[in-house]
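Undergrad: Would you mind keeping the following structure in view while I ask a few things?
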Amino acid sequence: SPVYLGLILAYLFNPILKMCEKRIFRFKITSKRKWTLKRVLGLTLTYIIILIILTITFLLIIPQLFVSFNDLASKMNGYIDDTLKWINEFLSTSPIFGSDINNIDDALEKLLEFLDITTDTIYTKVQELVKNSSALLTDYVPMLFDYFTGIANGFINSILGVIFSVYFLASKEKLVAQCKKVLRSFVSQEHYNGLLELANYTDKTFGGYITGKIIDSLIIGVLCFIGLRLFISFGLMTMDQPFALLISVIVGVTNIIPFFGPFIGAIPSTILIMVISPIQAI
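Basically my numbering = 1-based index in the sequence shown + 137.
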């Protein structure tokens, strides 16, 4: 896993390294020592840029996300009361459900009757749950332990992945040359040239896709934030600014996922707004 992660990180960081070596450290290479110096400076600046990006992300976005979650938790009871009030008003005035359902309690009672669920049935199920609680704990405690172990392993693998990425970037020309030698020893010259052409085309296409997708998602997140702020300014929505930032981050990050990303981001965002006001969510 660390090796695979290191390859992925090296591939993603390589454009930054090439930019640093071509645009910033542009001195001529007259010896192997100068080439090594240029590569070390390029690598150092590359990881400094990555670190700055991550730091800005954590300092600007993460605190706002905590504010959003804390604000949501503190106002959750009020949001739930408003939602229940809206549901009761909708049920009492809607002709669809009939005159015998005036609030959510009546609706739940009718639902329980339809499902043939009585108070005795609920009490029996609760008793069964209490009796089986020890068995549930026995089953889920190892799963919880495995979960936290997986998190620790993921953290260690991430650190090792970063170390591997430094090695891959530092020796990328040598590694590519070795891969070409291995490939040439197994295939003919014609197939070798075709595979190299395919690899270059794939690298150009996939690299452009990743870069374009990140820029596209950044634009989508910014536009979403601007749109929500306009809705708030014109009184069409009553959410606070941290909620607008939280939803914009969700929409922007999930937009990176092809095809299904926008839908994946829309679901939790709609639920968050629905807690505040179902009408605003619509």
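We put the CB at the ideal spot given by N, CA and C, even for glycine.
Keep in mind that this is a model prediction, so the values were computed, not measured.
May I have the straight-line CA-CA distance separating P139 from G287, to the nearest angstrom?
TA: Numbered from 1 along the sequence shown, position 2 holds the residue referred to as residue 139. Numbered from 1 along the sequence shown, position 150 holds the residue referred to as residue 287. Their Cα atoms are separated by approximately 14 Å.
Undergrad: Assess, as a yes-or-no matter, whether the segment 355-373 is touched by the segment 382-392 under the definition of 3 or more beta carbon pairs within less than 8 Å.
TA: Yes, the segment 382-392 is in contact with the segment 355-373.
Undergrad: For P415, which three-state DSSP category applies?
TA: Position 278 of the sequence shown, counted from the start, is the residue given in the question as residue 415. DSSP places P415 in helix when its eight states are reduced to three.
Undergrad: Determine, using beta carbons only, whether I356 and I393 come nearer to each other than 8 Å.
TA: In the sequence shown, the residue the question calls residue 356 occupies position 219. In the sequence shown, the residue the question calls residue 393 occupies position 256. Not closer than 8 Å, so no.
Undergrad: Across the segment 184-192 and the segment 213-224, are there enough close Cβ pairs to call them in contact, namely three or more that are closer than 8 Å?
TA: With the cut-off at 8 Å, the segment 184-192 and the segment 213-224 do not touch.
Undergrad: Distance, Cα to Cα, L142 vs M374?
TA: By one-based count along the sequence shown, residue 142 stands at place 5. By one-based count along the sequence shown, residue 374 stands at place 237. So the alpha carbons of these two residues sit roughly 42 Å apart.
Undergrad: Give the straight-line distance between the Cα atoms of A147 and F305, rounded to the nearest whole angstrom.
TA: Translated into positions along the sequence shown, residue 147 becomes position 10. Translated into positions along the sequence shown, residue 305 becomes position 168. Cα to Cα, A147 sits roughly 6 Å from F305.
Undergrad: Counting pairs of Cβ atoms below 8 Å between the segment 317-328 and the segment 168-177, do you hit three or more?
TA: With a cut-off of 8 Å, the segment 168-177 and the segment 317-328 do not count as touching, because too few Cβ pairs lie within range.
Undergrad: Spatial neighbours of F162 within its chain, please: C-beta separation below 7 Å, excluding the five flanking residues on both sides.
TA: Within the sequence shown, residue 162 is the residue found at index 25, counting from 1. So the qualifying residues of the chain are K175, L178 and G179.
Undergrad: Whose C-beta lies closer than 8 Å to the C-beta of P405 among residues of the same chain, with five residues either side of it excluded?
TA: Residue mapping note: residue 405 aligns to position 268 of the sequence shown, counting from 1. I387, listed in sequence order.
Undergrad: State the DSSP-derived secondary structure class of P152, mapped to helix, strand or coil.
TA: Numbered from its first residue, the sequence shown carries residue 152 at position 15. Helix at P152.
Undergrad: Using a Cβ-Cβ cut-off of 8 Å (strictly less than) and excluding sequence neighbours within five positions of Y284, which residues of its own chain qualify?
TA: Translated into positions along the sequence shown, residue 284 becomes position 147. Once the five neighbours on either side are set aside, Y284 has no close Cβ partner at all.
Undergrad: Who are the near neighbours of P152 in its chain, counting only those whose CB is closer than 8 Å to its CB and skipping five residues on each side?
TA: Residue numbering aside, residue 152 sits at position 15 when the sequence shown is read from its first letter. Around P152: G344 and T348.
Undergrad: Does DSSP classify F164 as helix, strand or coil?
TA: Looking up residue 164 in the sequence shown gives position 27. In the structure shown, F164 sits in coil (DSSP, three-state: anything other than H, G, I, E or B).
Undergrad: Does the Cβ of L191 have 16 or more other Cβ atoms within 10 Å, making it buried, or fewer, making it exposed?
TA: By 1-based counting over the sequence shown, the position of residue 191 is 54. Exposed, since its Cβ has fewer than 16 Cβ neighbours within 10 Å.
Undergrad: Is it true that the CB of L320 sits closer than 8 Å to the CB of Y329?
TA: Sequence index remark: in the sequence shown, residue 329 carries index 192 (1-based). Sequence index remark: in the sequence shown, residue 320 carries index 183 (1-based). Going by C-beta atoms, Y329 is nearer than 8 Å to L320.
Undergrad: Near A307, what residues of its chain come up, given a Cβ to Cβ distance below 7 Å and the 5 sequence neighbours on each side ignored?
TA: For the purposes of this step, residue 307 is taken as residue 170 along the sequence shown, with counting starting at 1. Correct list, in chain order: R176 and L180.
Undergrad: Just to confirm, are I408 and Q417 a CB contact at a threshold of 8 Å?
TA: As a first step, residue 408 is located in the sequence shown; it is residue number 271 there, counting from the start. As a first step, residue 417 is located in the sequence shown; it is residue number 280 there, counting from the start. Result no, Cβ atoms of I408 and Q417 do not sit closer than 8 Å.
Undergrad: Which residue wins for smallest C-alpha separation from V390, given the options V412, G402, I193 and L221?
TA: Locating residue 390 in the sequence shown gives position 253, counting from the first residue. Here the closest residue by C-alpha is G402.
Undergrad: On the three-state DSSP scale, how would you describe N269?
TA: Here residue 269 corresponds to residue number 132 of the sequence shown, with the count starting at 1. Of the three classes helix, strand and coil, the one that applies to N269 here is coil, per DSSP.
Undergrad: Beta carbon of S295, beta carbon of F150: below 8 Å?
TA: Position 158 of the sequence shown, counted from the start, is the residue given in the question as residue 295. Position 13 of the sequence shown, counted from the start, is the residue given in the question as residue 150. No, the pair does not count as a contact, with Cβ atoms beyond the cut-off.
Undergrad: Using a Cβ-Cβ cut-off of 8 Å (strictly less than) and excluding sequence neighbours within five positions of L332, which residues of its own chain qualify?
TA: Mapped onto the sequence shown, residue 332 falls at position 195. Contacts found: L320 and V324.
Undergrad: Since F371 is in the alpha helix (DSSP H), which residue starts that stretch and which ends it?
TA: Residue numbering aside, residue 371 sits at position 234 when the sequence shown is read from its first letter. Premise fails: F371 is in no alpha helix (DSSP H) and is neither H nor E.
Undergrad: In angstroms with no decimal places, state the Cα-to-Cα distance between D276 and L266.
TA: As a working note, residue 276 is residue 139 in the sequence shown. As a working note, residue 266 is residue 129 in the sequence shown. For D276 and L266, the distance between alpha carbons rounds to 14 Å.
Undergrad: Under the rule that 16 or more other beta-carbon atoms within 10 Å means buried, what is L154, buried or exposed?
TA: Taking the sequence shown and counting its residues from 1, one reaches residue 154 at position 17. Label assigned to L154: buried.
Undergrad: State buried or exposed for C157, treating a residue as buried only when at least 16 other CB atoms are found within 10 Å of its CB.
TA: Start at 1 with the first residue of the sequence shown, and residue 157 comes out as number 20. That one is buried.
Undergrad: Would you report the Cα separation of P395 and L144, rounded to the nearest angstrom?
TA: Residue numbering aside, residue 395 sits at position 258 when the sequence shown is read from its first letter. Residue numbering aside, residue 144 sits at position 7 when the sequence shown is read from its first letter. The alpha-carbon atoms of P395 and L144 are separated by roughly 21 Å.
Undergrad: Please report how far the alpha carbon of T339 lies from the alpha carbon of S270, in whole angstroms.
TA: For this step, residue 339 is matched to residue 202 along the sequence shown. For this step, residue 270 is matched to residue 133 along the sequence shown. Cα to Cα, T339 sits roughly 54 Å from S270.
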